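Residue numbers (this note's numbering), protein chains in the order written: chain A, 1 to 419; chain L, 420 to 578. From the three backbone atoms N, C-alpha and C, an ideal C-beta is built for every residue, glycine too. Note that the structure is predicted; figures quoted are calculated from it, not measured.
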Amino acid sequence: MSILGIRFRAFLEIGLAATLVLSLAQRSSAQTMPGMSDMSGMSMMHHKAAAPCESTQPLGCADTATAAFAPDGTLLLTWTQDQKVYFARSKDRGESWTLPLRIADITAGFDGGGDARPQIAADATGRVLVAYDTFKDQHWNAEIWLARSSDGGVHFGAPSVFEPGGVSQRLPVLDLEPSGKILMAWQDKRLSGPQQLPGASIAYAWSTDGGGTFSTSAIAADSSCECCRIGVTNAGDAAPILAFRTIFPGEVRDHVILRFLPSGLPDKPRRISVDDWVTNSCPHQGPSIAVSGSGTIHTVWYTQGKARQGLFYARSTDGGLSFGDPQRLGDPDSMASRPFVLAHGDAVWRVWKEFDGHASHVLMQLSRNDGRDWSATSVIDSSMGSSDHPLLIGYLNHVFLSWLNSEHGYQLIELKDPR
Amino acid sequence: MKFCRIGAALIWLSVCQIAAASGLKEYGADDWLVLQKAHAAGTWIVHLWGMSCDPCREELPAWGSFVRGHPQVDVTFIEVEQAVPSVVEAVLGRAGLTGSDQWLSVNGFDDGQRYAIDRHWGGELPLTLLISPDGQVQTLTGTTDFRRLDAWTRVRAKP
Chain A
1 MSILGIRFRA FLEIGLAATL VLSLAQRSSA QTMPGMSDMS GMSMMHHKAA
51 APCESTQPLG CADTATAAFA PDGTLLLTWT QDQKVYFARS KDRGESWTLP
101 LRIADITAGF DGGGDARPQI AADATGRVLV AYDTFKDQHW NAEIWLARSS
151 DGGVHFGAPS VFEPGGVSQR LPVLDLEPSG KILMAWQDKR LSGPQQLPGA
201 SIAYAWSTDG GGTFSTSAIA ADSSCECCRI GVTNAGDAAP ILAFRTIFPG
251 EVRDHVILRF LPSGLPDKPR RISVDDWVTN SCPHQGPSIA VSGSGTIHTV
301 WYTQGKARQG LFYARSTDGG LSFGDPQRLG DPDSMASRPF VLAHGDAVWR
351 VWKEFDGHAS HVLMQLSRND GRDWSATSVI DSSMGSSDHP LLIGYLNHVF
401 LSWLNSEHGY QLIELKDPR
Chain L
420 MKFCRIGAAL IWLSVCQIAA ASGLKEYGAD DWLVLQKAHA AGTWIVHLWG
470 MSCDPCREEL PAWGSFVRGH PQVDVTFIEV EQAVPSVVEA VLGRAGLTGS
520 DQWLSVNGFD DGQRYAIDRH WGGELPLTLL ISPDGQVQTL TGTTDFRRLD
570 AWTRVRAKP
């Protein structure tokens, strides 16, 4: 009845004591987040007892944050932290927030891909839709989850799987048309999966009831790079238009746009540029797209192609039939990454991130004439430590940078004309 | 007797920590410098991969074969997406990489960590670094051509 000369009861006591010591050590290293009291005690990364997040800023320990303005001007925010999905609202553009709602606790299958993040759409009737994906099996097939609110985000129902039992569906994006219709598009493996082909397809579905129900899903484009986000905005005719990285013959992973027609059906993809990036890697860095008041299409993207490497911008003044020569964005020696573009009237903003060896910076340029000329580059915000992608959101005539970083937490910064 | 038990508990903890350190290790902000120092003046291959990356997972068994066939080469595997440790260990184990030098990103790969490894790395995966004893680095993006890797290794194995 002895193990290494110690009686069994003593052995149990030693084990319990060791477990208690380890547990207390882990608890003492957890951080709380001012302004987000509902999350106290939960900010320690679930598997990181040895090196917990040390940020004390609101959401400073979150992974990704996505913001959108509801039609009444309420700022809506969804974010991931500790493999959970949260939601909060702000009536004063981020100065104060409601207590976070925990929308989902993803105990297994959290999607930690570089372009994975929850998405939001909110209509004028108070319906709010949050979409995110998780991995659902040992073959790393994903499924899309939807959480719905009918009271502006005060309460959410339990999330449900968009198409249970379906093929792998990942990286959803949402687009709200002025009419109130919602388009959801995502990376879908119904074509590539069974044939074990590289990449995925772009699939879509429409909702006419604020995300309560969706049409049967369909394929918009046969081929896409499965790990890159899809860019989406509304074109001049209010129909959605996508930008995504596709796979051309020869494993060339370059970018295209795809318009949705007034009928709701997709047009054929049109190439943005011939970068000639031959790779079977996962770039984890998808494009962004905006359409200005004149109908000009503005796109930004990342490539390591034979023709060019780094971040680039191009615009189309003929509805996407052709694009101008790509213009370089940022300094490739400073890790220029994560470009994003937003347009309002004739004004176009483009932002991206750079790293100087010490801190990450969000840089911005503004065009006041539909992308023909651009302002000098200005630094909007900087952060030490980890940081999320810089995103742009608009409300009325105001444009904001939405950026999460570990040094300052969540930041909403109105962009001013640098002139 | 209680002191003995407390001492035994501390020993237990130390054993647990050592056991954890011998398998999947946590990769933090300063670990690239530590790894570089540990592998200075030797032939060293670093393979960065992510759990959400299909080509990454699919080629891991080939990496298992390569490691078994080249025991003289130091190969380090770093998962960059903060995946669940038990899942990472299981995937590496199925690929025959249980005893390999394997690391898991603690807080995700931030800009500084990518900059330290390759300032032109945009985050695409898999990424493989072939580091010669003289410090020269070849960067391979995408899945690996193992014949090329074998040739690279053989050249550097010559006296």
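Listed by chain order, chain A residues near L/THR562 by CB distance under 7 Å: ASN280
Against chain L, with Cβ distances strictly below 8 Å, would A/PHE400 count as a contact? no
Within its chain, find whatever has a CB closer than 6 Å to the CB of A/ASP38; leave out the 5 residues flanking it on each side and keep chain order. Per-residue confidence for A/ASP38 stands at a pLDDT of 37, beneath the threshold of 50, marking its modelled position as unreliable; no derived number is given.
In the DSSP output, what is A/VAL362 paired with across the bridge? A/LYS353, A/ASP381
Under 8 Å, do A/ASP370 and A/ASP331 count as touching if we go by C-beta distance? no
L/ASP569 to L/GLN455, Cα distance in whole Å? 22 Å
Just by C-beta distance, which residues in the stretch 356-372 of chain A are closer than 7 Å to chain L? GLY357, SER360
Skipping 5 residues on each side, what residues in its chain have a beta carbon closer than 7 Å to that of L/THR560? GLU543, LEU546
State the start and end residues of the unbroken beta strand (DSSP E) segment that holds A/ALA203. 200-207
Secondary structure at A/ASP388, three-state DSSP: helix, strand or coil? coil
Quick one: list the residues of chain L neighbouring A/TYR302, beta-carbon separation under 7 Å, in chain order. Near A/TYR302 (Cβ distances below 7 Å), the residues of chain L are GLY541.
For L/ALA440, which three-state DSSP category applies? Unreliable placement is indicated for L/ALA440, whose pLDDT of 43 sits below 50; no coordinate value is reported for it.
So, using beta-carbon positions, are A/ALA343 and A/MET384 closer together than 8 Å? Judged by their CB atoms, A/ALA343 and A/MET384 are not nearer to each other than the 8 Å cut-off.
Neighbour flag for A/GLN187 against chain L, beta carbons, 8 Å: no
Would the beta-carbon of A/VAL231 fall within 8 Å of that of A/ASP275? According to the sequence shown, residue 231 of chain A is Gly rather than Val. No; because the gap between Cβ atoms is not below 8 Å, this pair is not in contact.
Alpha carbon to alpha carbon, what distance is there between L/GLY461 and A/VAL341? Their backbone Cα atoms lie some 45 Å apart in a straight line.
Could you tell me the alpha carbon to alpha carbon distance between A/ARG229 and L/ALA576, rounded to whole angstroms? 42 Å
Which of helix, strand or coil does DSSP assign to L/ARG573? helix
Tell me the residue span of the beta strand (DSSP E) that contains L/GLU498. 493-498
Measuring straight from C-alpha to C-alpha, what distance separates A/ARG27 and L/SER524? Legend: pLDDT at A/ARG27 = 32, less than 50; position of this residue unreliable, no value from coordinates given.
Whose C-beta lies closer than 6 Å to the C-beta of A/PRO71 among residues of the same chain, with five residues either side of it excluded? In its chain, beyond the 5 residues on either side, ALA124 have a beta carbon closer than 6 Å to the beta carbon of A/PRO71.
CA-to-CA distance, L/GLN521 to L/ALA457, given in whole angstroms: 14 Å
Same chain only: Cβ atoms within 6 Å of A/PRO269, ignoring 5 sequence neighbours per side: Beyond the five residues adjoining it in sequence on each side, A/PRO269 comes within less than 6 Å, by CB distance, of ALA221, VAL256, LEU258 in the same chain, given in chain order.
Quick check on A/GLY152 - is its C-beta less than 8 Å from some C-beta in chain L? Judged by the 8 Å Cβ criterion, A/GLY152 is not in contact with chain L.
Just tell me which of A/VAL348, A/SER224, A/LEU321 has its CA closest to the CA of A/THR279. A/SER224
Residues near A/GLY293 by beta carbon distance below 7 Å, same chain, minus five either side: Hits under 7 Å: GLY345, ASP346.
Along the stretch 211-226 of chain A, what residues have a CB closer than 8 Å to any CB found in chain L? GLU226
Run of the beta strand (DSSP E) containing L/VAL503, from where it starts to where it stops: Where L/VAL503 is concerned, there is no enclosing beta strand (DSSP E), given that its DSSP letter is neither H nor E.
One or two residues paired with A/PHE260 in a DSSP bridge: A/PRO266
Measure from the C-beta of L/ARG533 to each C-beta in chain A and report whether the shortest distance is under 8 Å. yes
Only counting the same chain, and skipping five residues up and downstream in sequence, which positions put a Cβ closer than 6 Å to that of A/HIS47? Any reading at A/HIS47 needs caution, since the residue's pLDDT is 36, under 50, leaving its predicted position unreliable; the model's value is listed next. No residues qualify anywhere along the chain.
In chain order, what residues of the same chain lie with their CB nearer than 8 Å to the CB of A/GLY157, ignoring the 5 residues before and after it? When the five nearest sequence neighbours on each side are left out, the beta carbons in the same chain lying within less than 8 Å of the beta carbon of A/GLY157 are those of ALA147, ARG148, SER149, in order along the chain.
Taking 8 Å as the CB-CB cut-off, is L/GLN501 touching chain A? yes
Can you give me the C-alpha to C-alpha distance between A/ASP237 and A/PHE260, rounded to a whole angstrom? Taking the straight line from one Cα to the other gives about 10 Å.
Counting only C-beta atoms, is L/GLY527 closer than 8 Å to chain B at any point? No chain B is present in this structure, whose protein chains are A and L.
Check the Cβ of L/ARG476 against every Cβ in chain A and list those closer than 9 Å, keeping chain order. TRP140
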